[in-house]
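Protein chains in written order, with my numbering: chain A, 1165 to 1430; chain B, 4 to 290; chain C, 15 to 391.
Where a beta carbon is used, it is the ideal one built from N, C-alpha and C, also for glycine.
Because the structure is a prediction, the values reported are computed rather than measured.
Read the structure below first, then the notes.
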């Protein structure tokens, strides 16, 4: 790597991290210190802001709710997208191109007005304020993406492998689970990462489809903020806490994701 | 070659049903709203295309549509080249490669309202590092009162938030280029620019297509981040299309016009995406 | 145009190499003379591609020097070395036409368009690419692409040498022969040093005047195809060249010669003497299946073996036989009678090679070889 590349990359990483550092920095300060003047690190380190949050049970539940529906969504998306992606990568069938484009168009519907029909739809079938409702709604944009990414990885696996397995007497389900899925392991890792990401960061649908029982963490956060006026310290701590799960996930799947990205099949 | 086999539909069926469930019913409902005047649950009249005529003449919508196009244009013009440049600078192997990937993924994993909050704080002149530094340097900067500052802040926020996605996609595209291409280029004495222009860029075409489409769609529908950061202000300076629509639908409960406009909105996105798609795959089809 | 000299060259991919096993190229000295057509032959993983990349400058050797016409070029990048290289898989610039692909290296060195046109046309003529010149390179078939890749190497008139790294792997068999002829023609026409890497002995011997056989990171023999066949200087060359390869039998020293099991093979006094002077840990004798003499009927001076298997390959037959516990292969001509069960054979002295620690034991040429090495039981 040349020096110029290092400098460009270094500056970019700095640009990414400084705002996050600032949030972290503020979350450890008291409000008087925040408003009293700028300091690069907390002079009087305090965990008081976090204490405010953790003494409120709705926070703790918000976390679990978010993780629950995000996990559910990732599992559903992968389960249905795997066979579909296989179909797209191996076969031509009636309407395949149109179907694919139609799937993609579902990412294009502006949420603002579609929220109300969504709310009505899920209320009418008794799923309002359940985790499954949010998980299903997020499938709208995650499934097309998952199909597209997986299709790329699957196209990289030679067809001869399928044929050999069928000749060896494998049935389709057995071949798919025992042979094919392990072959595209890192592809599944990358797909799971993207599903997790888009489901975790989405707020509009999640907030519309929930009220108490399945309320996501990001929505809990907006409520806390408005209730206390602007309590900067608590707001910053809340922000930090919503970033953490995402970072934990990426840390755990880092090898898969790095490998998947390096395979260059995305 | 792919085999023609209509039984493959059985494999696609779950996806079709799942997506159709969440897509078709709401879409039909919105179409239904857009041709009716709704007062309450039971009082509604069929109005035909009146709402469409009305929204197409609405200057407020014209303004925010124009702002939206400018914003998406800026986003694409900045993020796509920058993302490619960053991808070219990323290390290819070893511990550093994983570390850089993880750091770059962080902004993508932050809930959108928190992204707004981070920049809301970061840009403030009193408690935010960026706002404070700029003002200390003698630049009068205030995103809450100055239109230009507000625009720049929303743009920088979007660049901060999404450039990594473009970079990660391009990075994976670049990894798919075999080393031998670079070796051949060295033997042919190609300049760095020629390597980029004739080897890297052509191989990036398919990932760039998806990056451009994703960034266009998402930036064209941006809502949460500027709403948290500027609330659409100062004035209407950063009120983008989604927000205008939300004000219309929820603030004023003009459900009919809002629905009509949503569909127009949807068609615009569809059309532009289709144009990108056709333009970028044009060469493949002429084979 | 240049002579390429490798001086004490060695290369290891690991930073702190530990013993020979860590070296992809073990220390070697070698010269490719100006204007020669050479093949670098060896099994996959023997270091031949590594060696090629070191010559072109894509890799920098960990020890020793690469010299072009006596000048050390280690520090020069590939773009400064005036070397063309054609790779195993075709590399074309997809977005350009065939013409632009061929013109690319010339444009990079700032040649004027009129000369480019002339050069490209000349090469397109030779490679029969004329009908394709206006086509986009991405639309070509694999062998057309490979012709374009070769063309980019051949079009430059400033190159000192052209290196080919198994360039015909992706080409259809019937075209392979044509392209190889073409390369040979080009070589004669332009008088450029060419080094051709391959694992196929037929390809090597039809293309090259001299072949370097590589094994375990070393060039074990450098000679004409005939020398490699008749006097392999390493057991690997014996085994690798020829089809089937040389018969190799592990033997032990005995009075006046060598032996395996009950069979004694006497050696010439000169060879005996040479063997006494050398230090070695293992001994082998080798003889090509083509050179084993098969007697028609019983012969009391001959060795007696037992037929195991016969393979008829049309114009000749391969006979596998067991001689005192060792399996040997013998090539029989079409018109030669095929022995049943028992076979009487002998090893003509001039074709019986002796290897100490895998290397050929040679007697100084001044000493005439003895005639009395007819083998006795």
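Using a Cβ-Cβ distance cut-off of 8 Å, determine whether residue i contacts chain B.
i: residue 16 of chain C; result: no
i: residue 197 of chain C; result: no
i: residue 172 of chain C; result: no
i: residue 36 of chain C; result: no
i: residue 70 of chain C; result: yes
i: residue 1270 of chain A; result: yes
i: residue 1410 of chain A; result: yes
Cβ closer than 8 Å: which chain B residues qualify as neighbours of residue i?
i: residue 1250 of chain A; result: 14
i: residue 1331 of chain A; result: Within chain B, no residue comes near residue 1331 of chain A; the closest Cβ sits about 16 Å away, beyond 8 Å.
i: residue 1169 of chain A; result: 91 and 92
i: residue 1406 of chain A; result: 113, 114 and 117
Return no unless some Cβ of chain C is closer than 8 Å to the Cβ of residue i.
i: residue 164 of chain B; result: no
i: residue 186 of chain B; result: yes
i: residue 275 of chain B; result: no
Determine the extent of the alpha helix (DSSP H) in which residue i is found, giving its start and end residues.
i: residue 7 of chain C; result: Given that chain C is displayed from residue 15 to residue 391, the structure contains no residue 7 of chain C and the question cannot be resolved.
i: residue 239 of chain B; result: Careful: residue 239 of chain B lies outside any alpha helix (DSSP H) and carries neither H nor E.
i: residue 206 of chain B; result: 204-223
i: residue 60 of chain C; result: No alpha helix (DSSP H) contains residue 60 of chain C, which DSSP labels as neither H nor E.
i: residue 1233 of chain A; result: 1221-1254
i: residue 271 of chain C; result: Run containing residue 271 of chain C: none in the alpha helix (DSSP H); it sits in the beta strand (DSSP E), 271-274.
i: residue 36 of chain B; result: 12-37
i: residue 1361 of chain A; result: 1349-1365
i: residue 1170 of chain A; result: 1167-1191
i: residue 115 of chain B; result: 115-126
How far does the beta strand (DSSP E) with residue i in it reach, from first residue to last?
i: residue 26 of chain C; result: 18-26
i: residue 1396 of chain A; result: Premise fails: residue 1396 of chain A lies in the alpha helix (DSSP H), 1396-1416, not in any beta strand (DSSP E).
i: residue 146 of chain B; result: Counting along the chain, residue 146 of chain B falls outside any beta strand (DSSP E), and DSSP gives it neither H nor E.
i: residue 51 of chain C; result: 51-55
i: residue 323 of chain C; result: 317-326
i: residue 331 of chain C; result: 330-337
i: residue 208 of chain C; result: 207-212
i: residue 176 of chain C; result: 175-179
i: residue 196 of chain B; result: Counting along the chain, residue 196 of chain B falls outside any beta strand (DSSP E), though it belongs to the alpha helix (DSSP H) covering 195-198.
Starting from residue i, find everything on chain B with Cβ-Cβ shorter than 7 Å and list it in chain order.
i: residue 1382 of chain A; result: 114, 116 and 117
i: residue 117 of chain C; result: None at all; the shortest Cβ gap to chain B is about 11 Å.
i: residue 145 of chain C; result: Chain B residues near residue 145 of chain C: none, gap ~18 Å exceeds 7 Å.
i: residue 258 of chain C; result: Neighbours of residue 258 of chain C on chain B: none; closest Cβ ~34 Å, over 7 Å.
Can you name the residues of chain A whose CB is closer than 7 Å to the CB of residue i?
i: residue 143 of chain B; result: Ordered by position in chain A, no residue passes the 7 Å Cβ test against residue 143 of chain B, which lies about 17 Å from the chain.
i: residue 88 of chain B; result: 1172
Residue i touches chain B at which residues, Cβ-Cβ below 9 Å?
i: residue 1184 of chain A; result: 109, 110, 113 and 121
i: residue 3 of chain C; result: Residue 3 of chain C cannot be examined here, being either before or after the span of chain C that is shown, 15 to 391.
i: residue 1346 of chain A; result: In chain order: nothing, as chain B lies at least about 19 Å away.
For a contact meaning CB atoms closer than 8 Å, what does residue i contact in chain A?
i: residue 7 of chain B; result: 1255, 1256 and 1257
i: residue 194 of chain B; result: Those within 8 Å of residue 194 of chain B in chain A number zero; the least Cβ separation is about 15 Å.
i: residue 147 of chain B; result: Here the premise fails: no neighbours, minimum Cβ distance about 13 Å.
Along chain C, which residues have their Cβ under 7 Å away from the Cβ of residue i?
i: residue 191 of chain B; result: 118, 119, 122 and 166
i: residue 183 of chain B; result: 101, 103 and 105
Can a CB atom of chain A be found closer than 8 Å to the CB of residue i?
i: residue 265 of chain B; result: yes
i: residue 283 of chain B; result: no
i: residue 54 of chain B; result: no
i: residue 21 of chain B; result: yes
i: residue 1 of chain B; result: Given a span of 4 to 290 for chain B in the structure shown, any question on residue 1 of chain B remains unanswerable.
i: residue 128 of chain B; result: no
inquiry  = Counting only Cβ-Cβ distances shorter than 9 Å, please list the residues of the region 196-207 of chain B near chain C, keeping chain order.
reply    = 197, 200, 201, 202, 204, 205 and 206
ask   = Is there contact between the region 1306-1319 of chain A and the region 64-79 of chain B, where contact requires at least three CB pairs shorter than 8 Å?
value = no
query = Looking at C-beta atoms only, is the number of pairs between the region 240-259 of chain B and the region 171-188 of chain C that lie closer than 8 Å three or more?
reply = no
query = At a Cβ cut of 9 Å, what residues of the region 98-112 of chain B count as close to chain A, listed as they run along the chain?
reply = 99, 100, 101, 102, 103, 104, 105, 106, 107, 108, 109, 110, 111 and 112
message = With three or more beta-carbon pairs closer than 8 Å as the criterion, would you say the region 85-97 of chain B touches the region 1327-1344 of chain A?
response = no
task = Can you give me, in chain order, the residues of the region 59-83 of chain B that have a beta carbon less than 8 Å from any beta carbon in chain C?
result = none
Stretch pair the region 105-120 of chain B + the region 177-186 of chain B: three plus CB contacts closer than 8 Å = no
ask   = Listed in chain order, which residues of the region 1206-1227 of chain A have Cβ atoms closer than 9 Å to some Cβ of chain B?
value = none
query = Per the contact definition of three or more C-beta pairs closer than 8 Å, is the region 292-302 of chain C in contact with the region 321-333 of chain C?
reply = no
inquiry  = Would you call the region 53-60 of chain C in contact with the region 87-103 of chain C, where contact means no fewer than 3 C-beta pairs closer than 8 Å?
reply    = no
message = With a threshold of 8 Å, are at least 3 pairs of Cβ atoms found where one atom belongs to the region 138-147 of chain B and the other to the region 206-223 of chain B?
response = no
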